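To start, the structure itself, in structure tokens.
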Ligand SMILES: [Zn+2]
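Residue numbers (this note's numbering): 263 to 493.
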């Protein structure tokens, strides 16, 4: 009967609004824009325009990003109009992430520095395999392998080596951005050198065990098989 692996949970949560990246007309270059948290509403007779106000990090100039363009005033729900006037923070966050806004204004979302991963040290690791569940409290697109590296406090290159050696395993692709939670199993990295030595033998490299004693028994068996084949 399979012994369940010890499991821990990490949580990724949002710490601030993301920034937007695009071309700044004043800088005449690619730039990053901070959200100011404000809208500008211009109701002119029967039509209305609404912009989201951003600030360029390069030159400090404000940039108006079109949210509603010359729409009939009557087409806007009065409750929504009030939220624009009140600079409703929830609406600012919603509009900032709206795909039509990015397409219309040629912007992309920059999540860098806008989240934090709450990852306590894993009890008993390294020493025995463990399953880590990563919950995304906010739907932030990130590469899972980056979170693995951040959570373990290792470089991304080191995390990539662990994955390549099969010592980090997951049913989720770890190198493609995802906005939903995932889990992965982590082996003890101290057996890495032996694992790499054995990795030239395909049948031997796909062997993981839940305790070091059993693992070592298989290493001895593998060594015997390798030596027998070489003789
Ligand atoms: Zn600028």
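A virtual CB, placed ideally from N, CA and C, is assigned to each residue, including glycine.
Just so it is clear, the structure is predicted and the values come from calculations on it, not from any experiment.
How about residue i: is its Cβ closer than 6 Å to a heavy atom in ligand 1?
{"i": "residue 284", "result": "no"}
{"i": "residue 413", "result": "no"}
{"i": "residue 293", "result": "yes"}
{"i": "residue 352", "result": "no"}
{"i": "residue 443", "result": "no"}
{"i": "residue 320", "result": "yes"}
Rank the options by C-alpha distance to the C-alpha of residue i and give the top, closest one.
{"i": "residue 431", "options": "440, 352, 444, 439", "result": "444"}
{"i": "residue 277", "options": "375, 447, 401", "result": "375"}
{"i": "residue 429", "options": "283, 394, 314", "result": "394"}
{"i": "residue 403", "options": "270, 364, 324, 274", "result": "274"}
{"i": "residue 439", "options": "285, 406, 427, 309", "result": "406"}
{"i": "residue 391", "options": "421, 328, 447, 343", "result": "447"}
Leaving out five residues on either side along the sequence, give the residues of the same chain with a beta carbon under 7 Å from the beta carbon of residue i.
{"i": "residue 299", "result": "349, 351, 354"}
{"i": "residue 408", "result": "418"}
{"i": "residue 311", "result": "304, 330, 331, 332"}
Is residue i near ligand 2, judged by its Cβ being under 6 Å from some heavy atom?
{"i": "residue 288", "result": "Here the bound small molecules are ligand 1; ligand 2 is not part of this structure."}
Closer than 6 Å by C-beta to residue i: which residues in its own chain qualify, once you throw out the five before and the five after it? Chain order, please.
{"i": "residue 360", "result": "none"}
{"i": "residue 269", "result": "393"}
Just grab the DSSP bridge partners of residue i for me.
{"i": "residue 375", "result": "Paired residues: none, contrary to the question."}
{"i": "residue 271", "result": "395"}
{"i": "residue 447", "result": "393, 431"}
{"i": "residue 333", "result": "310"}
{"i": "residue 295", "result": "282, 318"}
{"i": "residue 301", "result": "314"}
{"i": "residue 325", "result": "316"}
{"i": "residue 276", "result": "377"}
Among residues of its own chain, excluding the 5 on either side of residue i, which ones have a beta-carbon nearer than 8 Å to its beta-carbon?
{"i": "residue 435", "result": "406"}
{"i": "residue 476", "result": "none"}
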